[in-house]
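One structure is given here, and the rest of the page talks about it.
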Amino acid sequence: MSPSWILLIIAGLLEVCWTLGLKYTQGFTRPLPSVLTVAAIIASMGLLGLAVKQLPIGTAYAVWVGIGAAGAAIAGMVLFHEPATPSRLFFLVLMIVAIIGLKVTSGTH
Numbered sequence: 004m005s006p007s008w009i010l011l012i013i014a015g016l017l018e019v020c021w022t023l024g025l026k027y028t029q030g031f032t033r034p035l036p037s038v039l040t041v042a043a044i045i046a047s048m049g050l051l052g053l054a055v056k057q058l059p060i061g062t063a064y065a066v067w068v069g070i071g072a073a074g075a076a077i078a079g080m081v082l083f084h085e086p087a088t089p090s091r092l093f094f095l096v097l098m099i100v101a102i103i104g105l106k107v108t109s110g111t112h
C-alpha cells in the first residue's frame with residue numbers, strides 16, 4: 004500500500020474522530036473537546052490534501068467520506084447506543100465493500 008493510501012486512511016479515521024468530537028463539544032461550548040475536534044478537522048483535511056497529490060480526487064474523497072461515515076455510524080452504535088438494526092448493518096457493510104472496491108479499482112497502489 005502506498006504512502007498516499009496510508010495518509011488517506013489516517014485522514015478518514017481522523018474524520019471519525021472529529022465527527023464524534025462534535026457530539027462532545029456540546030455546540031463548541033466545551034473548550035477541550037472543541038480544540039481537539041478542530042485539530043482533528045485540520046489534520047484530517049490536511050492529510051486528505053496530501054493524499055490527493057498522488058490519488059484521484061474522486062476516489063480519495065469518496066474513500067475519505069466513506070471511512071468517516073461508516074466509522075461514525077459504527078461508533079454511534081457502540082458509544083451512543085444508536086440502533087443497530089439488520090438493515091442498518093447491511094448498508095454499512097455495503098458502504099465498506101464500496102470503499103474497498105474503490106481502492107481496488109483505482110489503478111493506484
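If you're matching positions, the sequence shown starts at 4 in this note's numbering and goes up one per residue.
Backbone N, C-alpha and C define an ideal beta-carbon position, used for all residues, glycine too.
Given a cut-off of 9 Å, decide if VAL68 and LYS106 are closer than it, judged by their beta-carbon atoms.
no
Going by beta-carbon coordinates alone, are LEU25 and LEU50 separated by less than 9 Å?
no
Say yes only if the C-beta of ILE102 is nearer than 8 Å to one or more non-hydrogen atoms of the ligand ATP, and no if none qualify.
Among the ligands in the structure shown, none appear at all, so the ligand ATP cannot be discussed.
Please state the DSSP three-state secondary structure of ARG91.
helix
In the DSSP assignment, find the alpha helix (DSSP H) that holds THR22 and state where it starts and stops.
6-28
Length-filtered (4 minimum) alpha helix (DSSP H) runs lying within the segment 40-84:
60-82
Return yes when the Cβ of SER5 is within less than 9 Å of the Cβ of LEU53, no when it is not.
no
Assigned exposure category for ALA75 - 16 Cβ within 10 Å defines buried
buried
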